Amino acid sequence: MSGGLWRDALRQLKSDRLALVSLAILAVLGGAAVAGPWLLDFREDEIDWAHMAVPPFVADGHWLGTDRLGRDLLVRTLFGLRVSLAIALAATLISLVIGVGWGALAGYLRGRADALMMRFVDVLYSLPQVFFVIILTVVFGRGPLSLLVAIGAFGWLTMARIVRGQALALREREFVEAAVVGGAGTLRIVGRHIVPNLLGPVIVYATLTVPQVILVESFLSFLGIGIQEPLASLGNLVADGASEMETAPWILAVPAACLVLLVFCFNFLGDGLRDALDPRDR
Amino acid sequence: MSTFAFIARRLLGAIPTLAIIVALSFLLTRLAPGGPFDEEQALPPEIRANLEAAYGLDQPVAVQFGRYVAGLLRGDFGPSFKFRDFTVTELIASGLPVSLAIGIAALLLALALGVPAGIWAALARGRAADRLVMTLAVAGISVPVFVIAPLLALVFGIWLRWLPVAGWEPGRLRDMLLPVVTLALPVVAYLARLTRGSLLEVLRAPWIRAARARGLPQRIVLARHALPAALLPVVSFLGPATASVLAGSLVVETIFGLPGMGRHLVQGALNRDYTLVMGMVIVYATLMIALNLLADLVYAWLDPRIRRERRL
Amino acid sequence: MALLEIQALTVDFAGKRPVRAVDHVDLAVDRRERVAIVGESGSGKSQLLLACTGLLAANGRAQGSVRFGGAELIGGGDPAGAVRGRGIGFVFQDASGSLTPHRRIGDQMAEAAVAAHDTSWQTAMATAERMLERVRLPDARRRLSQYPHELSGGMRQRVAIGAALMSQPELLFADEPTTALDVTVQAEIMTLLAELCRDLGMALLIVTHDMGVVASLADRIAVMYAGRIVETADAAGFLGGPRHPYSAGLLDSVPTLADADGAELRTIAGTPPASGMVFPGCRFEPRCPRREARCTREDPPLAAGTASAVACHFPLRRENAT
Chain A
-13 MSGGLWRDAL RQLKSDRLAL VSLAILAVLG GAAVAGPWLL DFREDEIDWA
37 HMAVPPFVAD GHWLGTDRLG RDLLVRTLFG LRVSLAIALA ATLISLVIGV
87 GWGALAGYLR GRADALMMRF VDVLYSLPQV FFVIILTVVF GRGPLSLLVA
137 IGAFGWLTMA RIVRGQALAL REREFVEAAV VGGAGTLRIV GRHIVPNLLG
187 PVIVYATLTV PQVILVESFL SFLGIGIQEP LASLGNLVAD GASEMETAPW
237 ILAVPAACLV LLVFCFNFLG DGLRDALDPR DR
Chain B
6 MSTFAFIARR LLGAIPTLAI IVALSFLLTR LAPGGPFDEE QALPPEIRAN
56 LEAAYGLDQP VAVQFGRYVA GLLRGDFGPS FKFRDFTVTE LIASGLPVSL
106 AIGIAALLLA LALGVPAGIW AALARGRAAD RLVMTLAVAG ISVPVFVIAP
156 LLALVFGIWL RWLPVAGWEP GRLRDMLLPV VTLALPVVAY LARLTRGSLL
206 EVLRAPWIRA ARARGLPQRI VLARHALPAA LLPVVSFLGP ATASVLAGSL
256 VVETIFGLPG MGRHLVQGAL NRDYTLVMGM VIVYATLMIA LNLLADLVYA
306 WLDPRIRRER RL
Chain C
2 MALLEIQALT VDFAGKRPVR AVDHVDLAVD RRERVAIVGE SGSGKSQLLL
52 ACTGLLAANG RAQGSVRFGG AELIGGGDPA GAVRGRGIGF VFQDASGSLT
102 PHRRIGDQMA EAAVAAHDTS WQTAMATAER MLERVRLPDA RRRLSQYPHE
152 LSGGMRQRVA IGAALMSQPE LLFADEPTTA LDVTVQAEIM TLLAELCRDL
202 GMALLIVTHD MGVVASLADR IAVMYAGRIV ETADAAGFLG GPRHPYSAGL
252 LDSVPTLADA DGAELRTIAG TPPASGMVFP GCRFEPRCPR REARCTREDP
302 PLAAGTASAV ACHFPLRREN AT
């Protein structure tokens, strides 16, 4: 029953301390990304001529130091966090919408339409993702929007497969129920049975997609093909840091640590959700 | 079906994938708004028209595609739009040996480190060694290559001064060490986890207990009964591992200044050099397909059930 | 001295809820004797066999004494290792699960012999071929180079039996060897086992919940319930008149031709206790039709050392049992 599923899941999740800690950290990071820059003294493109490339805790107000152009590192990192999170969430949302729609439709239609639709997914899946994303950025130009399109173009594939599998399985069950309950019960069936059963894997996989998108986006931004200066993304901040690491390692350390923490937490949270909502699927 | 026919059938199956990749890359690059010469300083229209004619860009798309494929079959990837003195083929040829060298070395290193680590962790299950290996493995998987690379360069190249941070002299192993290790680490981590999980699962199988019940000593049970089955998923993983290594090589070649294909690809992407990007992507894709094929073949060879079914 | 002497064997499993699967079991098997251990699932009978041969899961611990030919098998350092595949052979329930899928049948059988006796590979393969013929596997030589998945279930069970007998053990453990097979194949395998025991002079300790197997194979029967032995008797006496109420229930529940068509199957009321429960009195008391107040207070002991024994305060009398 749907109510019981959520209650069990919640209980399981509460016992998974790693997932809870990750959720807390993510909440903090999210809050910092949204509200942090307002609360801090410096703007992300503001150059502090007096304090160029200073280490953390040394200069007033620059808690985590500055980069070689004198820009406050904490603020820039938070901005980078903002951008990376925004793209990740947006791309995941796109993948979700397309993936769920595609998969549900294929599972519902069955037969040849289903076979055709999933063949399309298989073909796209066999393409080397990173390289085609690069081609797409060459085609559509660099920048957040084109990045979104490029990443979203591949992100929906696994979601579609999962949803289609679930839809097929559910359809078997639902026919029997529908036959028994009659036409009037269909909406309730959809609400009580189909949605909760779909929602579980969708939530799990969406949570696990986010860190993957973050990694792809930062990978591209690192290489200079993604987010462009002066806009900050965790990826190009790490690239900046890498070029300065001999003399100013904190410029690398701060965004790198933030990125790794972000990815870790999303992965642990996703694992925890998967244990809670789909325990057999380890 | 003989082995030869099996291989042939797999090869034929790979061709459509390759064809799609070529077609798709081509279409996408031709779809781009604007042409490859947009970013030049203002060109007088006649010169631009001449340039475009010279590169065959004034022909209809289908014709262009036909000429491109014909060129591919001859091994000609077309001219680079940005590196005017070089053809794409030349750029690929100069970079391929380097990329192949570090890629293959990274895969071999990953296998040599990751699989034994996973076995060790499985046998030491629950104890300190197991937890150590697994924690390191999680770190290796979660930390992206472009964070590992600068970190390793910092520690080993700059602070400790053990290894060179950039530059490439063909044959100098020291130049290869950092890039190869960096590339290998995520794969080592994943292989360790995979091998450990797979071995633990195999050790729970009833036929392992039965083998011990027949009086076989533990090391024979491990070597002849458990490991061959446990290593099958590792073989399957070679395909995705190759994809990971190839993608990672883009970062590694950039950071360590290696004259491989990856660096050219990144340059090409930054310069919007269509033919270069297209050509590189096709080569990378071919490498991946080839290795996936190899993994498939090795898997089929190792698993007698598949092998026998082919024979019957 | 008996070939196999089990004394006060106890098997515990560690975990979130510790479980005692076998509780102070005494049992003896003589040379060439065939003993059947009977009980429901969860009674601990399989764990008994596994404990004797040192094959318990990692979180299992065996205490007590199991002596085979005078040598102690319980203790640290895997003392049972000397006896596995040599003195004691083991046939498991799921034959498909007993054979390694990626190794040829001949290799699997031969390597056991090589490991045990250090014979040459050729000798071992020849022995394997003879063993396959002995277990009535047609076309033995060809089978040697085949893989397990190329054989049917019944054939695989024969191979498993053959593999267990490679070293001509004195005692064969069989854990429900016929349960996973078709009924017709079951009969064949049981006949085969009886024959082999006779021809090789082997003792047999067979675990089963199938009374038919008991009737056709066993010399002596031990009944296990919730980790304890509750009755031992010779086969004829047992089948004619069980003394423990549980044994009576087991025998009674077997449908016979004498039953009327459509008659309800007889069962033992209730369910076996969950593993790990502790009892002040008799374990079977909640389900026993003969229980009285004394049964909840006192745990009836099994009179040790006698050929026929029963652990019950109010056992059935032989002549009255149904």
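Chains as they are written, first to last, in the working numbering: chain A, -13 to 268; chain B, 6 to 317; chain C, 2 to 323.
All C-beta atoms, glycine included, are put in the ideal place defined by N, C-alpha and C.
Computed from a prediction, not measured in an experiment: that's the story for all the values here.
Checklist entry - Can you find a CB in chain B that lies within less than 7 Å of the CB of Gly210(A)? => result yes
Next on the checklist: Quick check: what's the CA-CA separation for Ser249(B) versus Ser112(A)?
Outcome noted: Annotation: Ser249(B) to Ser112(A) spans about 14 Å, alpha carbon to alpha carbon.
Checklist entry - Is the number of C-beta pairs between the region 108 to 119 of chain B and the region 184 to 203 of chain B that are closer than 8 Å three or more? => result yes
Item to check | C-alpha distance - Arg219(B) paired with Gly86(C), whole-angstrom precision | outcome: 4 Å
Checklist entry - Which residues, in order along the region 217 to 247 of chain C, keep a beta-carbon less than 9 Å from a beta-carbon of chain B? => result none
Checklist entry - At a Cβ threshold of 7 Å, is Phe91(C) touching chain B? => result Cβ-Cβ to chain B under 7 Å: yes for Phe91(C).
Checklist entry - Alpha carbon to alpha carbon, how far is Gly228(C) from Asp24(C)? => result 5 Å
Checklist entry - Residues of chain A with CB under 9 Å from Ile107(B), in chain order? => result Near Ile107(B) there are no residues of chain A at all, since even the closest Cβ is about 17 Å away, more than 9 Å.
Next on the checklist: Here's the rule I'm using: 16 or more other beta-carbon atoms within 10 Å means buried, otherwise exposed. How should Gly212(A) be labelled?
Outcome noted: It is buried - the Cβ of Gly212(A) has at least 16 other Cβ atoms within 10 Å.
Next on the checklist: Counting C-beta neighbours from all protein chains within 10 Å, is the total for Trp212(B) 16 or more, i.e. buried, or is it exposed?
Outcome noted: buried
Item to check | Neighbour list for Pro114(A) in chain B, Cβ cutoff strictly below 7 Å | outcome: Ala248, Tyr289, Ala290, Met293
Checklist entry - Interface residues of chain A around Tyr279(B) at Cβ under 8 Å? => result Val124
Checklist entry - Name the chain C residues whose beta carbon is nearer than 7 Å to that of Pro233(B)? => result Result: His103.
Item to check | Cβ neighbours of Ala81(C) in the same chain (closer than 6 Å, five flanking residues each side left out) | outcome: Thr54, Gly55, Leu74
Next on the checklist: By alpha-carbon positions, which one of Asn60(C), Leu49(C), Ile222(C) ends up nearest to Ser66(C)?
Outcome noted: It is Leu49(C) whose Cα lies nearest to the Cα of Ser66(C).
Checklist entry - Under a Cβ-count criterion, where at least 16 other Cβ atoms within 10 Å of its own Cβ denotes burial, should Lys0(A) be classed as buried or exposed? => result exposed
Checklist entry - With DSSP run on the structure shown, which of helix, strand or coil describes Gly61(C)? => result strand
Checklist entry - With which residues is Val84(C) paired in a DSSP beta bridge? => result BP columns for Val84(C) are empty, so no partner.
Item to check | Residue interval of the beta strand (DSSP E) (run including Met225(C)) | outcome: 221 to 226
Item to check | Leu292(B) versus Val257(B): straight-line alpha-carbon distance, rounded | outcome: 18 Å
Checklist entry - Under a CB-based cut-off of 7 Å, is Pro238(B) close to chain C? => result no
Checklist entry - Counting contacts by CB-CB distance shorter than 7 Å, is Ile52(B) in contact with chain A? => result no
Checklist entry - Taking 7 Å as the CB-CB cut-off, is Ala218(B) touching chain C? => result yes
Checklist entry - Are three or more beta carbon pairs between the region 215 to 223 of chain C and the region 293 to 304 of chain C nearer than 8 Å? => result no
Checklist entry - Which of helix, strand or coil does DSSP assign to Val92(C)? => result strand
Checklist entry - Are the beta-carbon atoms of Val30(C) and Leu5(C) separated by less than 7 Å? => result yes
Checklist entry - What residues from chain C crowd round Ile225(B), counting only those whose CB sits closer than 9 Å? => result Glu112, Ala116
Item to check | Close beta carbons around Ile26(B), own chain, < 7 Å, minus the five adjacent residues each side | outcome: Ile287, Ala290
Checklist entry - For Ile106(C) versus Val186(C), is the C-beta distance shorter than 7 Å? => result no
Checklist entry - So, is the C-beta of Leu56(C) closer than 7 Å to a C-beta in chain B? => result yes
Item to check | Chain-ordered neighbours of Ser99(C) on chain B, where CB pairs are closer than 7 Å | outcome: Pro211, Trp212, Ala215
Next on the checklist: Is there a Cβ of chain A sitting closer than 7 Å to that of Ser30(B), yes or no?
Outcome noted: yes
Checklist entry - According to DSSP, what are the bridge partners of Glu6(C)? => result Ala29(C), Arg68(C)
Checklist entry - So, Leu159(B) versus Met103(A), is the Cβ gap smaller than 7 Å? => result no
Next on the checklist: So, with DSSP's three-state summary, where would you put Phe88(B)?
Outcome noted: When secondary structure is reduced to three states using DSSP, Phe88(B) falls in the coil class, being assigned neither helix nor strand.
Next on the checklist: What ranges does the alpha helix (DSSP H) occupy inside the region 243 to 293 of chain C, keeping only unbroken runs of at least 4 residues that lie completely in it?
Outcome noted: Counting only runs of at least 4 residues, the region 243 to 293 of chain C fully encloses the following alpha helix (DSSP H) elements, listed from N- to C-terminal order: 246 to 253.
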